[in-house]
Each structure stands twice: as C-alpha cells, then as structure tokens.
Amino acid sequence: MPVQFSISDLERETGISRDTLRIWERRYGFPAPQRNQRSERNYSVEQLERLRLIKQLMDSGMRPGKLAILDLQQLSQITQQQRETQTVPRDVEELLQILATGPRYGLLARLEALLQQQGLRDFLIGVLAPMNHAVGEAWFAGRIGVLDEHHYAEQARMVLLTALRRLPQTPGNSRALLTTLPGEQHGLGLLMATCMLALEGVEVLLLGVQTPLEEIVRGAIEGECSIVGISCSEYMNRRTVATQLVRLRNLLPDTTVLWAGGGGIKGIPAMPTGIQLFSSLDQISTALQKSAAR
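As structure tokens, this is what we get:
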C-alpha cells in the first residue's frame, strides 16, 4: 500500500499551514487529497515532494498560483535552474561535499580549521550562515537526510561553544535573552547570534529552544535584559512565527526590544512597531550601534 500523509504531516514537513493547503485545494485544485474511511485528507509522496519544492520557490519570490499547476519534474527543473545561478562559497561547497559523501568525521576538523583561519566574525558570516542555507536547500531537495542535517548542526554547535568559552568573560553594558519560539527545535542560529552579540560586548542569557512565551517574558524581566532575540529557522511555519512574535511583543515591557532573525522570517507579514527583523547576522552590529547612539 502506498505511503500516505495527513494534512498535519504536510504542514510539519513543508512549513505550509493547513489553512493555506485547503485554500490551494479549492483555488488551484492542488494538492488533491484522497479521503480515508473517516473522510480525512490523505496525500501521496509525490504531492509532498511537489509542495516542498513549491515552498522553496515561494521563499525565493515566486507566486503559488503559477507553481501549483506545475508537475514534479517542472518544479525540479526550476529549482535546479535557480540553484545553478546561485554562487556558493568554495568553503561551503567543500563542507557540503564532506557532509554528503563523508567521511563525516572530517567535518568537525574542517569547521575548526576554517574558524582558526578566518576568525569568529568572518566564520559566522562567511561560512556558517551560507552553510546553514545550503544544508536546508539540500535537505528540501532530498540530497541529504535528517542524519546529515543533525550531524552538521551538532558539529557546528560544538565549534561555536568552544569559541564562546574562549571569548573574554567581561560583564557587558547590555544584556540579551536568546531563545526560540515554542515548536522551533533548531538552535544553531541561537548560538550564532550569541557569538555575534558576545563579540559586541553584550552579555547573553541563552535559554535554548522552545521556551514558552510567558517564560521568555519572565526571563527578560528577571535578567534585566534590554533585548530579546528569537531565532527562527526556515523549517518553521511563517504564520505561526508571525502570530507568536506579535503576542510576545505585547507581553514584553515597552523598554525591551524584540529582535527576530533566521530563515523563518523570510516571507512573513510586516511586523508592528517594536519588532525588528534581521535577514543577516551582520545587521546585529548595526542595530547595536544605532541603539547606543540614541
């Protein structure tokens, strides 16, 4: 019997909300579910793969109406064409090659060598940031599996934790609390932002992943943090991210600024005043400079 996926599976695997999937079903005739004996929607592997590619292309700026009518082969061709026009740094290509073909044990050594060569700031911006995106693209395209993605994240995490311990431990002029929203299990972006803030002399309270909103607020107040930073990976549902950021902003004191960054903020609606979105790590330094000048 062919493998079937529920609408919840599709939402989790693609980051497209079930409400959006139902709208597309009515408007475009895709996805086209079968119904089981309980009238629940079931979807094929082919439809899941098409939706993954559609989501990837939408994040690059294409409209769903033009994509929903395309079959899997056509979507794959467009995705491949986009990938071929993108310039991937040589170091990232090398790391992807190690990750995809092995030996996996060489990944940690290569990451450490690049950090040593480039310094922490350039390593974060020039290697890890594009590598994170490349790993996500490779996973969506099926070129690597969950094992590979997890292996990369853990090796990068080990490198960053070691780098953090080597930084001077001096109390900063400001404090920041960093975490992810409930439902966000990817924490590598948190460590990257922590390193950038530490380089700028900001003292960081790092809470890890999936902190309840009320606990984020409590941590910010008790820790006297002037900044709350949220890391959102591209695996997160954009509607969920937007809703939770607005709710968190309403719960936080007016004196605490709310920052959000990562692949998960791309394509979310415009945020109200008091929520600052970051599309790259180097924007952190600029934001801190502007804040200090006020």
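Using the numbering used here, you'd call the opening residue of the sequence shown number 452 and step up by one each time.
A virtual CB, placed ideally from N, CA and C, is assigned to each residue, including glycine.
Query: Rounded straight-line distance, which links the Cα of E675 to that of T706; Result: 10 Å
Query: Coarse secondary structure for T706, derived from DSSP in three states; Result: coil
Query: 8 Å contact criterion, which G480 and R689 should meet: CB distance rounded; Result: Not a contact, Cβ separation roughly 23 Å.
Query: Residue span of the alpha helix (DSSP H) that contains I716, given as start and end; Result: Here I716 belongs to no alpha helix (DSSP H), and DSSP marks it neither H nor E.
Query: Option in M513, G570, V692 with minimal Cα separation from L632; Result: V692
Query: Beta-carbon separation (whole angstroms), S684 vs H637, contact threshold 8 Å; Result: 4 Å
Query: Every unbroken beta strand (DSSP E) inside the stretch 603-656 [3 residues or more]; Result: 626-630
Query: Whole-number beta carbon distance between L639 and N701, since they are thought to touch under 8 Å; Result: Incorrect: roughly 28 Å between the Cβ atoms, too far for contact.
Query: First through last residue of the beta strand (DSSP E) which encompasses L728; Result: 726-729
Query: Nearest candidate by alpha-carbon position, reference G634, set P720, K517, G659; Result: G659
Query: For Y494, the residue or residues it bridges with in DSSP; Result: F456
Query: Where I667 falls: helix, strand or coil (DSSP); Result: helix
Query: For S682, the three-state DSSP class (helix, strand or coil); Result: strand
Query: First and last residue of the uninterrupted alpha helix (DSSP H) at V578; Result: Element bounds for V578: n/a, residue is neither H nor E.
Query: E462 classed as buried or exposed, judged by whether at least 16 other C-beta atoms fall within 10 angstroms; Result: buried
Query: Delimiting residues of the alpha helix (DSSP H) encompassing T471; Result: 469-479
Query: Where R486 falls: helix, strand or coil (DSSP); Result: strand
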